Amino acid sequence: MATWNQFATAFLEHYGVGTTTDFQTALSHLQQATSVHDFILAFTKLSSRAYGWTEVQLLLIFLGGLKPEIRHDVLVMEPSTLATAQRLARLYESKLDDIKASRSTFSVPNSSPATGNQEVLSDTQFRQLSSRDHRERRAQGLCRLQFMVMKRSL
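Position 15 (the sequence shown) corresponds to 98 in our numbering; numbering is contiguous.
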């Protein structure tokens, strides 16, 4: 008697829906183009037909397909399961959406010589945090805006 996987493979190959190799190839080349939600749907659809891969292999393929700005944050958290990686990806996408929304609504006041308000951003410096600094600040519960290190000249 055949197993379910053998039956499903034979059924899909017979009716021309695609071979396991087709699904494995498509899955291994899948890249996030829109939302994390859409990527997870496409990934789940393909992974359910790409038999023979372990949870770890699926996790690595999923992480590799995420947009870099999401993938880096998810990797820092070192997810051990696909479900955890998907949950983290949704959270980080939401965070990025919030940051983008706040940037589009944030405005810097105009400086004018008449008000003496010329130092608004002229002497503020920012630096990129290292991955280590980022992890330490996250562990301390600091928000994203506190990651920016500002230095005013006197």
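All residues carry an ideal CB built from backbone N, CA and C; glycine is no exception.
Please read these numbers as outputs of a predicted model, since none were measured by experiment.
Quiz item: Would the beta-carbon of F126 fall within 8 Å of that of G147?
Solution: no
Self-check item: Which of helix, strand or coil DSSP assigns to T151
Solution: A small correction: the amino acid at residue 151 is Pro; Thr does not occupy that position in the sequence shown. If DSSP states are grouped into helix, strand and coil, P151 belongs with the helices.
Self-check item: Span separating the alpha-carbon of I182 from that of W136
Solution: 36 Å
Self-check item: Length of the line joining the Cα atoms of S130 and L110
Solution: 7 Å
Quiz item: Which same chain residues, not among the five before or five after I123, have their C-beta less than 6 Å away from its C-beta?
Solution: Q169
Exercise. Inspect the beta-carbon positions of T108 and L142 and report whether they are closer than 8 Å.
Key: no
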